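Read top to bottom, the protein sequences are chains A and B. Numbering-wise, my numbering puts 84 at position 84 of the first sequence, and it's gapless, one number per residue. Numbering-wise, my numbering puts 433 at position 151 of the second sequence, and it's gapless, one number per residue. Every residue gets a Cβ at the ideal spot worked out from N, C-alpha and C, and that includes glycine. Just so we're clear, the structure is a prediction, and the values are computed from it rather than from any experiment. For reference, the structure discussed in these notes is given below.
There are 2 protein chains.
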Amino acid sequence: MDTVAIVGVGLMGGSFALGLRAAGFRGRILGVSSPRALEAALARGVIDEGLPLKQAVPAADLIYLANPIDRILEILPEVARLARPGSLTTDAGSTKVAIVDRAAECFRGSALFLGGHPMAGKAERGVEAAEAGLLRGAPYVLTPASGVLPKRPAVRSFLSWLDRLGVSPIVLSPHDHDRIVAFTSHLPQLASSALASVVLENTRDPAERAVSGGGLRDTTRLARSAFDLWRDIVLTNTENIDCALSAYIEKLQRLRTNLRATVLKDEFERGAALLDELSRPS
Amino acid sequence: MDTVAIVGVGLMGGSFALGLRAAGFRGRILGVSSPRALEAALARGVIDEGLPLKQAVPAADLIYLANPIDRILEILPEVARLARPGSLTTDAGSTKVAIVDRAAECFRGSALFLGGHPMAGKAERGVEAAEAGLLRGAPYVLTPASGVLPKRPAVRSFLSWLDRLGVSPIVLSPHDHDRIVAFTSHLPQLASSALASVVLENTRDPAERAVSGGGLRDTTRLARSAFDLWRDIVLTNTENIDCALSAYIEKLQRLRTNLRATVLKDEFERGAALLDELSRPS
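This is the structure in structure tokens:
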């Protein structure tokens, strides 16, 4: 792997590039992004050169698509046309069925596509916030359309770099990925935004909302997420999210109608069991 | 203020006692608790002496009730009978109407009662987890039945110690307190427990739940709270909590029926506004 093209040089694309460098990658890193992002990326040494998509993709062994989902869906046909034989295109989008399906329509021959979802993040966005260690230890899902990783040199090379980045990929089918993250990621996001909104609407002023502890801050922290990223997530995983919201609403209704009964105890104990699991060192 | 009786020497009572000591209190600190808690409190130097309620309360200028709510409600009549003229009894219960109403029935003459709610906490419980600095900077609500702090020497003395503990009390009526915390504290707790429970029920195994980021951990952190404390909260603030759950369910239903529409954008932006407010240094 000599040349990598990062398409969308923001928090995630920039962190992948910085991670590669820190892990010893000596090849060229090309960036495809807005002039402002390219300037910032060059200034931070995240990329070696900014190029248009048309020039960067054909030059690369690994094409890393780190744009918002709707942009990835939009450029996939062009990336597939431009990608050279033997290259690997992968992405960092938060939903996988729509992207992997679109890629299956476009990629032909020996230019491969493999969907990915690095589950790392932070509140800040943009290449200015990128960190070499952002992906280290975070779940990184790979979603081959067939459910099994292709045994091809470009995939083996990508996996070995992920390994050097401190990432142990989890292989899932695109459908399993989208079903799971609807509950483990998208539902917490919507629950958090809705909670923040309800608290704002039902308290009179900041002085009342200051009557709160760390619990409110933690449960509403995700409400800071940018809407434009989440719009794409909701639009490309609508059915699973609808199902997750429905289960959550049913659960809350059950709590509400049983506020005076012992069913509440069962929910607390079940909740605590998840916490024990999440806090166990993996 | 020469003698303080801590009734219920756990995390909160123990932290108040340690805070007093660290702030320079030279008087006696008596503890009323289980033999096991008293032993641990004596070993850590949290209290000077363990005594039965009957002996500790009449000896104290300040009686600090830090038991669970149902226990506070149970012992209030006896504490009121035992408290000496000029003394102040206060509490650390998380709901205030039930406790302040009960106290109003019991306290007569110059022995005063003033409800309180220190909004600090941590995951661990018991006097072993107590910290001198736990209350520092945390919201501490005082809820005089009349809505105004009584101008009595015992109250002035308590306020001056709170000040030395780094606490600036917020004065609210018991009803306003319970209405507000239903949204800022009790709803986040129930939303978190319900979320943890739904995620557990709708994923297949720990491997699937490991496909998650910090968002799931943050939004479900509260699900670790002990049920016995929350049972009392729910039982003594049922109507406000019912109202908060109802508003939350309605909001989630609105999100669900509008997953493809722009209403979602409004919720995200409203949610982000709360976050900006909570993160501003107070």
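Item                                                                                                                                                                         : Value
In three-state terms, what does DSSP make of P426 of chain B?                                                                                                                : coil
For V234 of chain A, I'd like the list of residues in its chain whose CB is within less than 7 Å of its CB, leaving aside the five on either flank, ordered along the chain. : I241
With 16 as the cutoff for other CB atoms within 10 Å, does S282 of chain A come out buried or exposed?                                                                       : With a pLDDT of only 49 at S282 of chain A, under the threshold of 50, the placement of this residue in the model should not be trusted, and no figure is reported.
For V409 of chain B, which three-state DSSP category applies?                                                                                                                : helix
Quick one: grab the DSSP three-state call for P451 of chain B.                                                                                                               : strand
Per the DSSP calculation, I29 of chain A is bridged to which residue(s)?                                                                                                     : A:V4
Find out if the Cβ-Cβ distance for the pair N540 of chain B, A244 of chain A is shorter than 8 Å.                                                                            : no
Just verifying my parser: in three-state terms, what is the DSSP assignment at D91 of chain A?                                                                               : strand
In the DSSP assignment, find the unbroken beta strand (DSSP E) run with G398 of chain B in it and report its ends.                                                           : 394-400
Counting Cβ pairs closer than 8 Å, one from the region 493-502 of chain B and one from the region 393-411 of chain B, do we hit at least three?                              : no
Taking any Cβ of chain A, which residues in the region 402-432 of chain B have a Cβ under 8 Å from it, in chain order?                                                       : A402, G403, A420, P421, V423
Would you identify the three-state DSSP class for S564 of chain B, choosing helix, strand or coil?                                                                           : Low confidence applies to S564 of chain B: its pLDDT is 49, below 50, so where it sits in the model is not reliable enough to give any reading.
CB of G495 of chain B to nearest heavy atom of the ligand MG: below 7 Å?                                                                                                     : You won't find the ligand MG in this model; it holds no ligand whatsoever.
Contact between the region 360-380 of chain B and the region 267-280 of chain A: three or more CB pairs below 8 Å?                                                           : no
Can you check whether the CB of S87 of chain A is closer than 8 Å to the CB of G497 of chain B?                                                                              : no
Using 10 angstroms around the beta-carbon of E406 of chain B, count the other beta-carbons present and answer buried if the total reaches 16, otherwise exposed.             : exposed
Going by C-alpha to C-alpha distance, which of A:R108, A:I29, A:R204 sits closest to P77 of chain A?                                                                         : A:R108
With a threshold of 8 Å between beta carbons, is G213 of chain A in contact with chain B?                                                                                    : yes
Please return the same chain residues whose Cβ sits closer than 8 Å to the Cβ of P334 of chain B, not counting the five positions on each side in sequence.                  : V314
Please confirm whether A191 of chain A and A473 of chain B have their CB atoms less than 8 Å apart.                                                                          : yes
Cβ of L482 of chain B within 8 Å of Cβ of A273 of chain A?                                                                                                                   : yes
Run the CB neighbour count on A111 of chain A, radius 10 Å, all protein chains shown included, and call it buried at 16 or more, exposed below.                              : buried
Report yes or no: is there a C-beta of chain A within less than 8 Å of the C-beta of K378 of chain B?                                                                        : no
Determine whether the beta carbon atoms of A132 of chain A and K122 of chain A lie at a separation below 8 Å.                                                                : no
Quick one: list the residues of chain A neighbouring G375 of chain B, beta-carbon separation under 8 Å, in chain order.                                                      : What G375 of chain B touches in chain A: nothing, since even the nearest Cβ is about 15 Å away.
In angstroms with no decimal places, state the Cα-to-Cα distance between T89 of chain A and V4 of chain A.                                                                   : 10 Å
Give the residues of chain B in contact with T220 of chain A, contact being defined as C-beta atoms less than 8 Å apart.                                                     : P470, G553, L556, L557, L560
Which residues does DSSP pair with I345 of chain B in a beta bridge?                                                                                                         : B:A287, B:T371
Could you compute how far the alpha carbon of V79 of chain A sits from the alpha carbon of P85 of chain A?                                                                   : 12 Å
Look at the Cβ atom of A338 of chain B, then the Cβ atom of V409 of chain B, and state whether they are nearer than 8 Å.                                                     : no
Applying the 10 Å Cβ sphere with the 16-neighbour rule, what's the burial state of A208 of chain A?                                                                          : Here residue 208 of chain A is Glu; the residue named in the question, Ala, does not match the sequence. Looking at its Cβ environment, which holds 16 or more other Cβ atoms inside 10 Å, E208 of chain A is buried.
Ends of the alpha helix (DSSP H) at H177 of chain A?                                                                                                                         : 174-181
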